[in-house]
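Below is one structure, written out as structure tokens, with a few remarks after it.
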Amino acid sequence: MSQTIVSPETVLHELADLWVATGKDGPTDAGAGVLKACSMTLIAVAEESEDAAGLGETLAALMPEHPARTILVRLTGPGEPVLSERVYAQCWMPFGQRRQICCEHIEIAASDASLPDLRSLLPPLAAPDLPVILWCRSARLFDAPDVGGLAGIVRKVIVDSAIQPDARAALARLAAMAGGEALLADLSWTQLTRWREIQSRIFENREYLARLPEVDTVRVAFAGAQPPVHAWYMGAWSVDALATAGVHARLSLEPDAALTGRALRVELAGKDFRMELERQEDRLITRVGDSSQCVSLPRPTDYMLMREELGIVRHDPVYERTLASAAKLAVSSST
212 MSQTIVSPET VLHELADLWV ATGKDGPTDA GAGVLKACSM TLIAVAEESE
262 DAAGLGETLA ALMPEHPART ILVRLTGPGE PVLSERVYAQ CWMPFGQRRQ
312 ICCEHIEIAA SDASLPDLRS LLPPLAAPDL PVILWCRSAR LFDAPDVGGL
362 AGIVRKVIVD SAIQPDARAA LARLAAMAGG EALLADLSWT QLTRWREIQS
412 RIFENREYLA RLPEVDTVRV AFAGAQPPVH AWYMGAWSVD ALATAGVHAR
462 LSLEPDAALT GRALRVELAG KDFRMELERQ EDRLITRVGD SSQCVSLPRP
512 TDYMLMREEL GIVRHDPVYE RTLASAAKLA VSSST
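This is the structure:
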């Protein structure tokens with residue numbers, strides 16, 4: 212991409228020319244051709260140093276299920292003002308069909324000195340009358356998700372608190388963001404969906420449900436020296452779910468040298484009852500008393516997590532309640 216003066220009119224004109232060229236180059240047989248698809252605008256903000264091929268593959272994989280006008284903003288870092296762009300189409304052909312389906316892709320490179328220019332560039336590039344989703348992958352902009360002056364038009368902001376070194380500060384910031392107009396999602400919470408489903412399903416067993424009042428402690432073991440955000444989420448959700456059932460339990464977060472990466476072990480215990488969930492490679496081991504079960508639990512990819520979050524366009528009261536509880540617990544534990 213070469214340095215140039217970028218305006219919304221220039222980019223939109225290039226998009227129009229792109230579709231004219233795509234239509235001319237496409238097949239003319241009956242039933243063939245090109246169909247433009249768009250259900251939203253997806254703006255992804257990432258550092259230039261991030262794996263470009265991996266991110267591109269993730270965005271391309273999302274398009275068949277969530278077709279979008281994708282705007283990828285790559286942050287090039289300090290230096291002279293630089294703002295450049297290119298447009299292209301991402302296309303695929305559904306199995307058994309002869310017609311291609313294509314989505315618009317806009318890629319913008321911006322230096323830190325050019326970030327203020329995004330305020331006049333990005334809003335007009337959003338597809339008219341469709342929701343705008345912001346996926347902020349930059350740790351530097353975690354505290355400033357209004358990059359490009361998008362606060363007034365973004366329907367949902369998606370972040371991953373795992374990129375933050377200070378989990379307590381990240382939770383405090385997320386709790387403050389949750390009061391804004393846009394919906395908020397954290398991929399560190401999204402990765403726990405399957406865990407929570409399995410843990411809840413255990414207590415569909417009437418025998419285990421009858422033992423639930425015995426629980427007085429929730430223990431969450433994690434890798435590393437300090438509890439990550441998803442450990443706070445899992446602990447807070449478990450304690451809140453028990454409280455809803457009339458059971459009050461104490462939360463304990465403990466490091467475990469046997470765990471690595473983002474692995475967790477969750478235990479609900481009290482008197483003679485004990486339930487434990489632990490990830491081992493791509494499996495989730497469930498132990499209740501003397502019995503155990505193993506289910507497949509593939510490590511979540513950005514594609515899997517984003518596919519889930521792009522399908523949620525309403526408030527998630529469970530997440531919002533868990534976030535508030537986790538932020539309070541993190542603050543109280545540091546005092």
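Read in order, the letters of the sequence shown are residues 212 to 546 in our numbering.
The beta carbon of each residue, even a glycine, is placed where N, CA and C say it ideally should be.
In or out: residue i buried (at least 16 other Cβ within 10 Å) or exposed?
i: A227; result: exposed
i: F353; result: buried
i: M212; result: In this prediction, M212 has a pLDDT of 41, which is less than 50 and means its spatial position is unreliable; what the coordinates show is noted afterwards. With fewer than 16 other Cβ atoms within 10 Å, it is exposed.
i: P335; result: exposed
i: D397; result: buried
i: D328; result: buried
i: A264; result: exposed
i: R285; result: buried
i: S399; result: buried
i: H316; result: buried
i: P305; result: exposed
i: S325; result: buried
i: S543; result: exposed
i: Q375; result: buried
i: V372; result: Contrary to the premise, residue 372 reads as Ser rather than Val in this sequence. S372 comes out buried.
i: T512; result: exposed
i: A456; result: exposed
So residue i is in the alpha helix (DSSP H); what residue range does that whole segment cover?
i: D451; result: V440 to T455
i: A263; result: A263 to L273
i: S250; result: First-last for S250: undefined, no H or E at that position.
i: E418; result: R417 to R422
i: L398; result: L398 to T401
i: R379; result: A378 to M388
So, with DSSP's three-state summary, where would you put residue i?
i: D340; result: coil
i: I282; result: strand
i: D328; result: helix
i: M304; result: coil
i: V370; result: strand
i: E519; result: helix
i: A257; result: strand
i: E318; result: strand
i: R525; result: coil
i: E291; result: coil
i: V231; result: helix
i: R351; result: coil
i: E296; result: strand
i: V365; result: strand
i: R510; result: coil
i: L470; result: coil
Got a sec: is the Cβ-Cβ distance from residue i to anything in chain D below 8 Å?
i: W443; result: In the structure shown, chain D does not exist; there is a single protein chain.
Please list the terminal residues of the continuous beta strand (DSSP E) segment that includes residue i.
i: E478; result: L475 to G481
i: T404; result: It is not in any beta strand (DSSP E) - T404 instead sits in the alpha helix (DSSP H) that spans T404 to I413.
i: T428; result: T428 to F433
i: T497; result: R494 to V499
i: R490; result: F484 to Q491
i: L464; result: R461 to P466
i: Q504; result: S502 to S507
Look at the Cβ atom of residue i, then the Cβ atom of residue j, and state whether they are nearer than 8 Å.
i: G288; j: E268; result: no
i: I413; j: V506; result: no
i: E276; j: T401; result: no
i: A421; j: A535; result: no
i: R405; j: L470; result: no
i: R366; j: V256; result: no
i: W448; j: A541; result: no
i: V222; j: T233; result: no
i: D427; j: R473; result: no
i: L266; j: R518; result: no
i: Q368; j: A338; result: The sequence given here has Val at residue 368, not Gln. No, they are not a contact pair.
i: A389; j: L395; result: yes
i: L423; j: V458; result: yes
i: A378; j: P439; result: yes
i: P219; j: L361; result: no
Exercise for the section: Could you say if the stretch 313 to 330 and the stretch 285 to 300 meet the contact criterion of at least three C-beta pairs nearer than 8 Å? Expected result: Contact holds: three or more Cβ-Cβ distances are below 8 Å.
Problem - At least three beta-carbon pairs within less than 8 Å, the stretch 303 to 312 to the stretch 332 to 352 - result: Segment contact: the stretch 303 to 312 against the stretch 332 to 352, fewer than three CB-CB distances shorter than 8 Å; contact not assigned.
Exercise for the section: Report yes or no: do the stretch 472 to 482 and the stretch 428 to 447 share at least 3 C-beta pairs separated by less than 8 Å? Expected result: The stretch 472 to 482 makes contact with the stretch 428 to 447, as at least three CB pairs between them are under 8 Å.
Exercise for the section: Decide if the stretch 278 to 285 is in contact with the stretch 249 to 256; the criterion is three or more beta carbon pairs, one per stretch, under 8 Å apart. Expected result: In short, these stretches touch, since the Cβ pair count reaches three.
Exercise for the section: May I ask you to verify whether the stretch 489 to 508 touches the stretch 456 to 469, counting CB pairs closer than 8 Å and requiring at least 3? Expected result: For the pair of segments examined, the stretch 489 to 508 was found not to touch the stretch 456 to 469: the number of CB pairs separated by less than 8 Å stays below three.
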